[in-house]
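Position 360 of the sequence shown, counting from 1, maps to 417 under the working numbering, and the rest follow consecutively.
Some notes on the structure that comes next.
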Amino acid sequence: MSDIAKLQVGDNSYEFPLIKGTENEVAIDIKNLRDVTNGIITIDPGYKNSGSCESAITFLDGEKGVLRYRGYPIEELAEKADFLEVSYALIFGNLPTQEELDKFHTDIRSHAIVDDDVRKIIEAFPRNAHPMGVLSSLTSALTAFNPSSVNVDSKEEMYASIVRIMAKFPVLVAWTMRKKKGMHLNYGRNTLGYIENLMYMMFKKPNEDFEVNPIIKNALHKLLILHADHEQNCSTSTVRIVGSSHAGLFASLSAGISALWGPLHGGANQAVLEMLEAIQADGGDTAKYMAKAKDKNDPFRLMGFGHRVYKNFDPRAKIIKATADEVLNDLGVDDPILNIARALEKEALSDPYFVERKLYPNVDFYSGIIYRAMGIPVEMFTVMFALGRLPGWIAQWKEMRLNKEPIGRPRQIYIGETQRPFVEIEKR
Ligand code: SDX
């Protein structure tokens, strides 16, 4: 294949260079399109065909169902690594040595206290506030307690802001859940591992000793690893574009949390559970809901199905489905919701509507069933997604800033009124 693309517009023809990635993906570099064509731009609602950046963090192949973080296959990471190792690899480029990992964890532990005034902010929220709104607000509020914006050209300052948010975010997640449950806001133990400490902060009851349940611990590692990054999805693109204005890391992450909240994105894991519960309440009539999902006049969608990029099984969904079976079996939980999910999947995978549109279960379809078995409230499911995605957001933000990418500012095609004179109100 030649290394240029040709564009013919009327009598004029233009040539643009092709960019090829390490996995042989090809892009047409249109950086100077508007200049050389005297104003012509492209338009691509939802950016289905447009790349925003060149990135070295995550590779996915939607047709083949391949997902790798920094070249490491997701299947191996989910099976063999822990969440902090994977976070380190995403943020710094390679899986850490034991010494690097120990230092990362020690530095995180040294920042694991949140200013006590944050308690006053969280206590001001109504108990029924959605946890994603609380978490987004608290993350942005961290800027107030850590006002110095990150000088990304200083490796020390960049590192300090990374370990700070890696330390404080789990506290905010745990406090958000405990607020919802009406439990006192506590701290973890610096003697515990990263996930064990999170579990302690989330589940510790004031009148009981805390035992780490290994089944839940292992499942949390796996779930958070599987959610850790996913190239230029909606919330990651949000973190990158907000950061491109040189807004701080915490402010950019807060924006990403808000984008993830949407039910078409990370909010789908909550929507899936609510959908499954509605089907259960409706007598388990999965055929009725399949028909609704296919009915163009019905806004209902089969939540947890379909994906912008995966036109094959989402590799994460495969692992999460297997994990759901293991966890519920090990915990002795017999949840009829899981059987409804399996029935829906079976019907959808043989239904022409879904097959033609290549709609398969995605990362959100089974994850909530596991969170529910762990005793995590349904409104906290997307918060768990955000916790998993934190290292990916940090890595993407850091890459964008260190690459000194320009501020994100898309163009448009104007289709409104052409020029017209002002008319006094009495004459309108
Ligand atoms: C995540 O991008 C990422 O990487 C995201 C994510 C990550 O890790 O960051 O993977 C996490 O967000 C996973 C997706 C979670 N969302 C859901 O489960 C919500 C339900 N799914 C859909 O709303 C939808 O599939 C999207 C939003 C995920 C993708 O939408 P697209 O790519 O814009 O596709 P589309 O809406 O144009 O749909 C194409 C066709 C349409 O039918 P036709 O007009 O061609 O007849 O498929 C239909 C849609 O109506 N369709 C569905 C459907 N999803 C798509 N029909 C019924 N149920 C569905 N779930």
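Cβ coordinates follow ideal geometry from the N, Cα and C atoms, glycine included.
With which residues is residue i paired in a DSSP beta bridge?
i      : result
LYS77  : VAL83
PHE307 : Answer is none; PHE307 lacks a bridge partner.
SER302 : Paired residues: none, contrary to the question.
ASN386 : None, per the DSSP bridge assignment.
ASN69  : VAL66
PHE362 : PRO418
ILE61  : PRO74
Taking C-beta to C-beta, are residue i and residue j nearer than 9 Å?
i      : j      : result
LEU447 : PHE307 : no
LYS279 : GLU253 : no
LYS77  : ASP60  : yes
LYS237 : ARG184 : yes
THR293 : GLY324 : no
ASN28  : SER193 : Since the displayed the chain opens at 58 and closes at 485, residue 28 lies outside it and no answer follows.
SER309 : TRP450 : yes
ASN419 : PHE362 : yes
ALA224 : HIS187 : no
ARG235 : MET258 : yes
ALA430 : LEU459 : no
ARG393 : GLY432 : Reading off the sequence shown, one finds Pro at residue 393, where the question assumed Arg. Going by C-beta atoms, PRO393 is not nearer than 9 Å to GLY432.
ARG297 : GLY465 : yes
TYR423 : LYS378 : yes
GLU383 : ILE282 : no
PRO263 : HIS241 : yes
LEU195 : ILE170 : no
ASP529 : ASN326 : The structure shown does not extend to residue 529, since the chain is modelled only from 58 through 485, so no value can be given for it.
Within 8 Å: the Cβ of residue i and any heavy atom of the ligand SDX?
i      : result
GLU288 : yes
CYS110 : no
PRO263 : no
PHE438 : no
ARG125 : no
THR343 : no
PHE362 : yes
PRO320 : yes
ALA379 : no
LEU416 : yes
HIS168 : no
ARG358 : yes
LYS236 : no
VAL329 : yes
ASP60  : no
SER292 : yes
VAL175 : no
LYS279 : no
GLY122 : no
Ranges of the alpha helix (DSSP H) found wholly within the segment 113-165, counting only runs of at least 4:
131-137, 140-149
Going along the chain, which unbroken runs of the alpha helix (DSSP H) with 4 or more residues stay wholly within the segment 324-362?
Within the segment 324-362, the complete alpha helix (DSSP H) runs of at least 4 residues are 325-338, 343-351.
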